[in-house]
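Report on the following structure.
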Amino acid sequence: MKAVYLDNNATTRVDPAAVAAMLPFFTEQFGNASSMHAFGSEVGGAVLKGRRQLQALLGAQFDHEIVFTGGGTESDNTAILSALETQGARNEIVTSAVEHPAVLALCAWLEKSRGIKVHYIGVDARGRLDVEAYRKALSPRTAIASIMWANNETGTIFPVEMLAELAHEAGALFHTDAVQAVGKIPMNLKETAIDMLSLSGHKLHAPKGIGALYVRRGVRLRPLIRGGHQERGRRAGTENAPGIVALGVAAELAQQHINDENTRVRAMRDRLEQGLLQRIGNSFVAGDVENRLPNTANVAFEYIEGEAILLLMNKAGIAASSGSACTSGSLEPSHVLRAMKVPYTAAHGAIRFSFSRENTDEDVDHVLEVMPGIIARLREMSPFWDGKNAGQSGFAPTYA
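When you read off a place in the sequence shown, starting at 1, and then add 1, the result is the number in this note's numbering.
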């Protein structure tokens with residue numbers, strides 16, 4: 002059976018070049034980067050190289066603006082909690098209703114435990130941020146605005162450069178969770194007003210357990226993890242040298258493949274969507290189809306359950322997702338699709354297909370071959386499907 006992996010927004014395969022680069026730092030170049038002897042300085046040089054490789058991918062002005070962390074969740078928490086400590090009497094947060102749980106769960110905890118006021122900005126039927134509501138929510142009380150660069154479920158891209166400028170006009174810091182965007186679309190942070198940016202290695206073919214927080218020069222940062230002097234005192238703990246080396250290689254490879262991501266990968270994604278919509282009625286693409294990540298497709302199949310679709314897809318050798326992998330244990334429809342006001346009859350049957358540069362046209366062919374049968378089989382068993390509600394498919398949401 003052909004295996005097709007289309008869940009790259011959940012995690013990616015570590016690139017063999019990244020694996021080869023990191024292996025010596027387990028058994029040969031194993032020193033502590035903070036040590037003064039040769040074993041340490043050798044590793045310290047490799048950490049600096051990884052930092053500069055990531056700097057280049059992000060378009061940051063200085064290498065010391067990169068702070069290595071354990072992943073995207075830690076980076077998000079560090080940015081938001083730091084802003085509340087450094088912004089004086091400001092005690093409000095502005096974020097979106099469709100953020101990753103790494104941001105939303107923290108905000109909910111801050112509301113409950115510390116009385117922080119959080120403004121959750123809504124989106125329209127295509128997942129686009131209500132910019133006017135965002136503008137109105139900013140005030141002299143805002144410590145930080147945190148808006149994702151691109152949504153992990155629909156791929157919809159937010160205008161973060163403009164949103165950062167609006168936050169600065171209110172005297173607030175601006176942070177973006179760019180976990181899904183880094184390596185997929187070009188970035189040039191030195192030309193933006195973005196203060197902090199979170200990323201995670203395992204979303205761009207680096208290992209799990211390594212991430213980074215970009216902190217623009219001049220922005221004060223209070224460490225989330227306190228201890229030693231690592232990362233210029235901004236993140237304590239011995240540096241994960243193997244992970245940093247692998248992340249650096251992955252960042253360099255991502256930069257080399259960025260055009261491929263936005264041409265060949267995008268074309269595969271588009272062919273999959275068009276093929277599914279042509280073959281399967283009562284289906285549509287969720288998200289802003291004109292402004293989204295090149296690798297992400299969220300297709301809603303009406304009147305059936307996403308979990309059942311995924312089980313049959315898995316039997317056919319196809320891996321995809323019904324939403325964020327971090328919330329897949331929930332039986333509730335995606336909070337992102339709920340915020341977009343997608344009807345429950347469609348939200349329950351939404352499947353996220355997320356590509357990487359490792360996918361092929363043969364992968365698309367296999368999905369198009371088996372998906373119509375899967376959907377037809379499940380609709381025959383669905384109490385909500387009687388054939389009379391059959392309708393057209395398309396990119397325009399039926400609920401818009």
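In this text, a Cβ means the ideal position worked out from N, Cα and C, and glycines have one as well. The model shown is predicted, which means the values in this text are computed figures rather than measured ones.
Check: From which residue to which residue does the alpha helix (DSSP H) around T79 run?; Outcome: 73 to 87
Check: For the beta strand (DSSP E) containing A146, list its first residue and its last residue.; Outcome: 143 to 147
Check: Between D16 and T28, what straight-line distance do the alpha-carbon atoms span, to the nearest angstrom?; Outcome: 20 Å
Check: Measuring alpha carbon to alpha carbon, tell me which of L190, A351, F40, L278 ends up nearest G307.; Outcome: A351
Check: Taking G123 as the reference, give the member of R115, V132, G116, I117 with the closest Cα.; Outcome: V132
Check: How many angstroms separate the CA atom of Q30 from the CA atom of M2?; Outcome: 41 Å
Check: Take the Cβ of S114 as the centre, count every other Cβ of all protein chains shown within 10 Å, and call the residue buried at 16 or more, exposed below.; Outcome: exposed
Check: Kindly provide the ranges of any alpha helix (DSSP H) runs that are 4 or more residues long and lie completely inside the segment 306 to 388, ordered along the chain.; Outcome: 307 to 316, 336 to 340, 345 to 348, 362 to 382
Check: So G205 packs on G184, CB below 8 Å; how close in whole Å?; Outcome: Correcting the residue identity first, residue 205 is Leu in this sequence and not Gly. So it is a contact: roughly 4 Å between Cβ atoms.
Check: What would DSSP say about T28, mapped onto helix, strand or coil?; Outcome: helix
Check: Buried or exposed: where does F159 fall if 16 or more other Cβ atoms within 10 Å of its Cβ makes it buried?; Outcome: buried
Check: Could you tell me the distance, in whole angstroms, from the CA atom of N9 to the CA atom of L55?; Outcome: 20 Å
Check: If you reduce the DSSP assignment to three classes, tell me which class K3 lands in.; Outcome: coil
Check: Can you tell me whether E133 is helix, strand or coil according to DSSP?; Outcome: helix
Check: Whole angstroms are fine: how far does the CA of A348 sit from the CA of N283?; Outcome: 12 Å
Check: Tell me whether F175 sits in a helix, a strand or coil according to DSSP, three-state version.; Outcome: strand
Check: What would DSSP say about G212, mapped onto helix, strand or coil?; Outcome: strand
Check: Would DSSP call H120 helix, strand or coil?; Outcome: strand
Check: To the nearest whole angstrom, what separates the beta carbons of A287 and L369, a pair I think is in contact under 8 Å?; Outcome: Not a contact, Cβ separation roughly 19 Å.
Check: Under three-state DSSP, which class holds S97?; Outcome: strand
Check: So if DSSP puts L198 in a beta bridge, which residue, or which two residues, is it bridged to?; Outcome: T177, Y215
Check: CA-CA distance, L278 and Q256?; Outcome: 32 Å
Check: Measuring alpha carbon to alpha carbon, tell me which of M163, H258, A103, Q62 ends up nearest N153.; Outcome: A103
Check: Would you list the one or two residues that DSSP bridges to A255?; Outcome: A255 is not bridged to any residue.
Check: Classify H203: buried if its beta carbon has 16 or more other beta carbons within 10 angstroms, exposed otherwise.; Outcome: buried
Check: Should the segment 129 to 149 be regarded as contacting the segment 305 to 322, the criterion being three or more beta carbon pairs within less than 8 Å?; Outcome: no
Check: Contact between the segment 139 to 146 and the segment 88 to 102: three or more CB pairs below 8 Å?; Outcome: yes
Check: Can you name the start and end residues of the alpha helix (DSSP H) that A103 belongs to?; Outcome: 102 to 115
Check: Expressed to the nearest angstrom, what Euclidean distance is found between the alpha-carbon atoms of R233 and E192?; Outcome: 24 Å
Check: Look up D261 in the DSSP assignment and say whether it is helix, strand or coil.; Outcome: helix
Check: Since R280 and P373 are thought to touch, with beta carbons under 8 Å apart, how far apart are those beta carbons, to the nearest angstrom?; Outcome: 5 Å
Check: Hey, out of M149, G71, E166, K50, whose CA is closest to G249's CA?; Outcome: K50
Check: Please name the residue or residues paired with R293 in a DSSP beta bridge.; Outcome: T157
Check: How long is the line joining the alpha carbons of V180 and L200, rounded to whole angstroms?; Outcome: 4 Å
Check: Let me make sure I understand the geometry here. Which of M314, Q62, T13, A80 has the alpha-carbon closest to that of L198?; Outcome: A80
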